Amino acid sequence: MAKEKRFIFLSEEFYQAYPSERYPEIEQKKARPYVQVIVEINEVKFAIPLRSDIHHPHVLWTDKKNHCGVDFSKAVVLIDEKYVDTGRVPHLRQNEFDVLRGKDFKIRQKMEKYIKRYKQAKQNPEDSINRILLKYSTLQYFEEYL
0 MAKEKRFIFL SEEFYQAYPS ERYPEIEQKK ARPYVQVIVE INEVKFAIPL
50 RSDIHHPHVL WTDKKNHCGV DFSKAVVLID EKYVDTGRVP HLRQNEFDVL
100 RGKDFKIRQK MEKYIKRYKQ AKQNPEDSIN RILLKYSTLQ YFEEYL
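Counting with numbering that gives the first Met the number 0, you get residues 0 to 145 for the letters of the sequence shown.
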């Protein structure tokens, strides 16, 4: 499978399958673009959101001064193509688009590193730093795919 980056919106079917009442850490902003990176980790596709106001290290900065970037802690697994809204194409701010251009390998590498860090945290959930990582990570909803 080729590595590729797409900018997508998640579909209404995704939000119906993952409602905020059951999955509170999943971003529920339907107009927010996600970076979908085809990461060949057990052939699982991850959608990683572009966010602002990020205050943790699990990010690829697109605008560090304003705390904007690709937030790995809020990545979701796309288990079905119906979870991608093919009827809309997001438009990124030019500065963010420029930063992300050519960064497919780096995004993939950082996602793999984040998954590894998440799995390490699971081994010692009593540690205060690990407890925070586990509490706020969306990977808690997709552990069967890791």
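For glycine and all other residues, C-beta sits at the position ideal for the given N, C-alpha and C. As the structure is a computational prediction, the values presented were derived from the model and not from experiment.
**Request:** Could you spell out where the alpha helix (DSSP H) holding K105 opens and where it closes?
**Result:** Residues D103 to Q122.
**Prompt:** Quick one: what's got a C-beta closer than 8 Å to I114's C-beta in the same chain, skipping five residues either side?
**Reply:** I40, L138 and L145
**Request:** Report buried or exposed for M0, applying the criterion of at least 16 other Cβ atoms within 10 angstroms of its Cβ.
**Result:** Residue confidence is low: M0 scores 38 on pLDDT, short of 50, so the model does not pin down where it sits. No coordinate-derived value is stated.
**Message:** Using 8 Å as the cut-off, can you tell me whether the stretch 126-143 makes contact with the stretch 22-32, which would need three or more C-beta pairs spanning the two stretches below that distance?
**Reply:** The answer is yes - the stretch 22-32 touches the stretch 126-143, with three or more Cβ pairs under 8 Å.
**Asked** Which stretch, first to last residue, makes up the beta strand (DSSP E) that contains A46?
**Response** V43 to R50
**Message:** Taking a contact to mean a Cβ-Cβ separation below 8 Å, would you say H55 touches S72 in this structure?
**Reply:** Contact flag set, yes.
**Euclidean distance between Cα positions of E42 and K121** = So the two alpha carbons sit approximately 22 Å from each other.
**Message:** The beta strand (DSSP E) that contains D70, what's its start and end?
**Reply:** C67 to D70
**Coarse secondary structure for Q35, derived from DSSP in three states** = strand
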